[in-house]
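See below for the structure under consideration.
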Amino acid sequence: MICHSSFVFSDDFTRYRFRDDHPFNQQRVILTKDLLEKEQALTSDDITPPRLATDQELRLVHNPKYIDAVKRGGEGLLTESEGLEYGIGTEDTPMFTGMHEASSLLVGSTLAAIDSVLQGKVKHSLNLGGGLHHGFERKASGFCIYNDGAVGIKYIREHTDYKVLYVDTDAHHGDGVQWAFYDDPNVCTFSIHETGRYLFPGTGNVNERGLKEGYGYSFNLPIDAFTEDESFIHLYEYAFRQIVEYFKPDIIITQNGADAHFLDPLTHLCSTMKLYERIPMIAHQLAHEYCEGRWVALGGGGYDIWRVVPRAWAQVWKIMSTGTPFEGPLSSSWRNYWQPKSPVRLPTNWNDPEGSYQDIPRKQEITEKNLKVLEKSMQFIYNQKKYNSSS
Amino acid sequence: MLVEEIMNKDVITLSPNDGIETALKLLNEHHIRHIPIVDQQNCVVGIVSDRDVRDASPSIFDAPEQPGQLKNPIESIMTTPVTTVHPLDFVEEVAGIFYEQEIACVPVTRNDELVGIITEKDMLYTLIQLTGTNVQSSQIEVKVINRPGILPQVTQVFGKRKLNISSVLIYPYKPDSDYKIIVIRIQTMNPLPTIEDLKAEGYEVLWPHLPGMSP
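Protein chains in written order, with full-length UniProt numbering: chain A, 1 to 391; chain B, 1 to 215.
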């Protein structure tokens, strides 16, 4: 299905940069955009320029004192101890010049993506510069300063009465967005991630279901380390459909972290590119079935910026705009251009070849355990169905 | 950690002369499982659990018109004497009492007067906090030789990178008593440089570990 979609982009996304050797590197958005252009899947007509989020918009989620601290941090006017109070100046989120402006641009780009969908200009919109799901009201964490997803969802709620479904497929739990809407029944959050037993941030248990009015509007699927495509895809597809049928959203926001891949250095999941075809396909399909197509996709994690992220994210756009994924060999002009700059050998195909990684010895056990997690996570919906049908 | 830091100070109590029926009502209303019984000086003279009350209640298989038992005074079913603890006792000691005496609740007394209560649930919540899993963190497990001075050697690796440690647990390495495992939760999303540092210092990092897998 050909859908009119927008791609929010600016070269200035790379200004969000902590340190040369920091794993969060927005060069990956440039790599993705270039790949799409060389595959002739993206033209200048598709591109929407971002804007800066205003302070007022940031305040939809963030504390004014925190925003002020981020501003001062970017001007070199924040002491180390002041910064630590707000999670700035740590190993994960070091201070850098112009950090407020760079972070506001990422939030503004998500708002631009949302605007183009809310105003009916496009069905779907993609902002790969966003998806910073660990940002808190008054604390930076996990490479995230401002939480563009959370600000975006509040912004939707301010301007419409749409019920928002947030779906987070990053390998790390989408904690910042979950806690921001934990007591809100009009925003449902669903995060599938590697279990927090070892992996940051450690939260995202199945029993985190929301609070007060928001109880029953927070879903988590913490899957085992070394989970592979088949199990991940089954859990994601099944749960996503159950949740959509139960919640009946008006708009879907997806966070498309690309760090569940076996090559990603920060996590221990073992997916391949197959997963990154299915994730946007299901989101696309359900957005059309339930939300008249309204779907805003964001970026997120992804720390193998050469071999994994460009392919994974290019698929989001390809499926968003045409409904079908790329297949076969990867653009040779893209590979030839970037290979000299890459420290690793670039892939030659859209798919990962069979046997790319060592067999997982406990595959069966992991699959079985994940099914148990799915059952527990969906229990609330099953109970609702049972209760509603008997009353 | 001291008992006074985790004890619940709002204790629901009864006097020995109150009826079993009142106890049943309180247990249901407040979703609690234990009620300390106190005298007029607020000294603990007994305790009843939901099981004691249930044992004293008519069976659901009995005919409904048997209300007699519930009118009896609570002192007829209460357990006495009662194991109590002091606010300045260690939480770990309470855990030991629960385990050894197979009970799930102790009243806390000061000068023999009731000042609080600790249940198994409080203990478990404390345990969750001690493991550090309630705050944002990544977990690293390091196998170390079992000898004095090893902990500061390991933690200085984290210190060099200015990483905040949210919790530390140490337990024996079962296959070989010459070794121990240190479990450290650190407040970072990127533990890789620290893992590299640990390996460079000669430590064996047990997690994450699967041959051929990253990192």
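Ideal placement from N, C-alpha and C gives every residue a C-beta, glycine not left out.
The DSSP-derived three-state label of Glu292(A) is coil.
Under the Cβ criterion (8 angstroms, minimum of three pairs), the segment 52-59 of chain B does not count as touching the segment 83-99 of chain B. In terms of CA proximity to Tyr171(B), Lys143(B) leads the group Thr155(B), Lys143(B), Asn164(B). Ser138(B) has a beta carbon lying within less than 9 angstroms of a beta carbon in chain A.
When 9 angstroms is used as the limit between beta carbons, Arg161(B) is near these residues of chain A: Glu91, in chain order. Using a Cβ distance threshold of 9 angstroms, Ala314(A) and His124(A) do not count as a contacting pair.
Under a criterion of Cβ atoms nearer than 7 angstroms, the residues of chain B adjacent to Ser141(A) are, in order, Gln136. Taking 9 angstroms as the cut-off, the Cβ atoms of Glu75(B) and Gly46(B) count as close.
Contact between the segment 171-182 of chain A and the segment 197-208 of chain A is present, with at least three C-beta pairs closer than 8 angstroms.
Pairing Leu169(B) with Ile182(B), the inter-Cα distance amounts to about 6 angstroms. At least one CB atom of chain A sits nearer than 9 angstroms to the CB of Asn164(B). Look at Asn111(B): its C-beta is not under 9 angstroms from any C-beta on chain A. Just so you know, the alpha carbons of Gly132(B) and Asn370(A) end up roughly 24 angstroms apart.
Fewer than three pairs of CB atoms, one per stretch, sit closer than 8 angstroms, so the segment 223-233 of chain A makes no contact with the segment 156-164 of chain B. Within the same chain, Cβ atoms closer than 8 angstroms to the Cβ of Ile319(A) are found at Glu277, Pro280, Met281, His284, Pro325, the five residues on either side in sequence being excluded. Residues of chain B whose Cβ lies closer than 7 angstroms to the Cβ of Tyr198(A) are, in chain order, Ser138, Gln139, Trp207, Pro208. The beta-carbon of Thr272(A) is placed no less than 9 angstroms from the nearest beta-carbon of chain B. Of all C-beta pairs linking the segment 342-359 of chain A to the segment 58-66 of chain A, fewer than three are shorter than 8 angstroms, placing the two stretches out of contact. In the structure shown, Val82(B) falls within a coil segment according to DSSP collapsed to helix, strand and coil.
The C-alpha of Glu37(A) lies about 41 angstroms from the C-alpha of Leu84(A).
As the crow flies, the alpha-carbon of Glu137(A) is around 17 angstroms from that of Thr189(A). For secondary structure counted as the alpha helix (DSSP H) over 4 or more consecutive residues, the segment 332-366 of chain A holds these complete runs in sequence order: 332-338. Pairing Pro175(B) with Ser137(B), the inter-Cα distance amounts to about 28 angstroms. Nearest to Met273(A) by alpha-carbon distance, out of Trp350(A), Tyr16(A), Glu158(A), is Trp350(A). Identification of chain A residues near Leu130(B) by a Cβ-Cβ cut-off of 9 angstroms yields none; the smallest Cβ-Cβ distance measures about 14 angstroms. Burial of Asp184(A) is indicated by the presence of at least 16 other C-beta atoms within 10 angstroms of its C-beta. The residue from Leu130(B), Gln187(B), Phe158(B), Ser177(B) with its alpha-carbon nearest to that of Ala200(B) is Phe158(B). Residue range 179-186 is occupied by the beta strand (DSSP E) that includes Lys180(B), with no alpha helix (DSSP H) assigned at that position. Between Ala53(A) and Leu111(A) a beta carbon distance of about 6 angstroms is seen, short of the 8 angstroms cut, so the two are scored as contacting. Counting the other CB atoms within 10 Å of its CB gives His268(A) a total of 16 or more, which places it among the buried residues. Per DSSP, Thr254(A) lies in no alpha helix (DSSP H); the unbroken beta strand (DSSP E) holding it starts and ends at 251-255. Just measuring C-alpha positions, the residue of Val107(A), Glu80(A), Ser104(A) sitting nearest Pro94(A) is Glu80(A). Non-local C-beta neighbours of Thr367(A) in its own chain, meaning closer than 7 angstroms and more than five positions away in sequence, comprise Ser231, ordered along the chain.
Under the 10 Å beta carbon count, Glu194(A) is surrounded by 16 or more other beta carbons and is classified as buried. Within the segment 296-320 of chain A, contact with chain B at the beta-carbon level (separation under 7 angstroms) is assigned to no residue.
Put simply, the backbone Cα of Asn134(B) is about 23 angstroms away from that of Glu93(B).
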